[in-house]
Ligand code: PAF
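Residue numbers (our numbering): 77 to 359.
This is how it looks when you write it as structure tokens:
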């Protein structure tokens, strides 16, 4: 595996691969790899000739009071993990490579960014994500890019961006990878002390309770949300949001007739955690 720092180096390798008629897969990440990242790398490795993983803690998607400075960083361990998974290129640029002096462009995707994380973190968040992902697509020009379903809204934003800008890349979403007790894997789980770590399973338990009610035939959105809300309240957790949205458009859903995204965000100890379940139409 090669660790590359510059756009020019990545372009040179990718161009050679493309000329040979080979497929390029991209896994965009901010590092601090866990099994969720590994599942994306494995999917990319299975289906592509060249696998590029980007490792860049993107400053523009963090708010002023968020955890940019404390976000876990361990390039050495990440590089070892990526190498073990057969990744070809780890693209780990510094901030000036991605945002050189005078950088003045921001991509805003309307319609799917105003709610959920866009409302609780602010509009800068998805503008930052959309801008850096567009840049990564321009640099690597992947055939396929892989994202985790835990960031369900991020996937909706990127799909809309790809469609609206006619970007020639297929977006693949991989299922949420969970710890044995159900906690969704996240780089931010390292912020949890033992008590908060034990409490953090409540997000998945709340979603499970709502999903069970849906499976039993309940279609009223309010009743489904209340089932999840009760589990959170029993644990003393007030969510930043707990909402039912259309899985594709992210518009509010009051009756669950089609696939719906049940999404939650909450502070647990020192961590802000998100999780979601898709309530399937056929259930
Ligand atoms: O999901 C992430 O890790 C980031 O939001 C991404 C897609 C790498 C953009 O910085």
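Ideal Cβ positions, reconstructed from N, Cα and C, are used throughout, including at glycine.
Please find out if some non-hydrogen atom of ligand 1 comes closer than 7 Å to the beta-carbon of residue i.
i, result
"residue 134", "yes"
"residue 106", "yes"
"residue 205", "yes"
"residue 230", "yes"
"residue 22", "Residue 22 lies beyond the stretch modelled for the chain, which goes from 77 to 359, so this question has no answer here."
"residue 137", "yes"
"residue 209", "yes"
"residue 227", "yes"
Check each candidate in the options and name the one with the smallest Cα separation from residue i.
i, options, result
"residue 321", "336, 156, 178", "336"
"residue 356", "116, 240, 295", "295"
"residue 164", "229, 192, 130", "130"
"residue 241", "141, 211, 89, 128", "211"
"residue 264", "197, 343, 231, 186", "343"
"residue 140", "233, 269, 199", "199"
"residue 51", "78, 84, 190", "Given that the chain is displayed from residue 77 to residue 359, the structure contains no residue 51 and the question cannot be resolved."
"residue 146", "133, 155, 154", "133"
"residue 272", "282, 283, 259", "259"
Could you check if residue i is buried or exposed, using at least 16 other CB atoms within 10 Å of its CB as the buried criterion?
i, result
"residue 405", "Because the chain in this structure spans residues 77 to 359, residue 405 falls outside the shown range and cannot be described."
"residue 351", "buried"
"residue 193", "buried"
"residue 137", "buried"
"residue 184", "exposed"
"residue 338", "buried"
"residue 330", "exposed"
"residue 176", "exposed"
"residue 310", "exposed"
Look up residue i in the DSSP assignment and give the residues it is bridged to.
i, result
"residue 250", "224"
"residue 80", "167"
"residue 328", "321"
Complete alpha helix (DSSP H) runs within the region 255-325 (minimum length 4 residues, chain order) = 270-275, 278-291, 297-310
- Message: Runs of 3 residues minimum, wholly inside the region 196-228: which ones carry the beta strand (DSSP E) assignment?
- Response: 220-224
query: Can you list the beta strand (DSSP E) stretches of 3 or more residues lying completely in the region 96-171, in chain order?
result: 100-105, 126-131, 165-167
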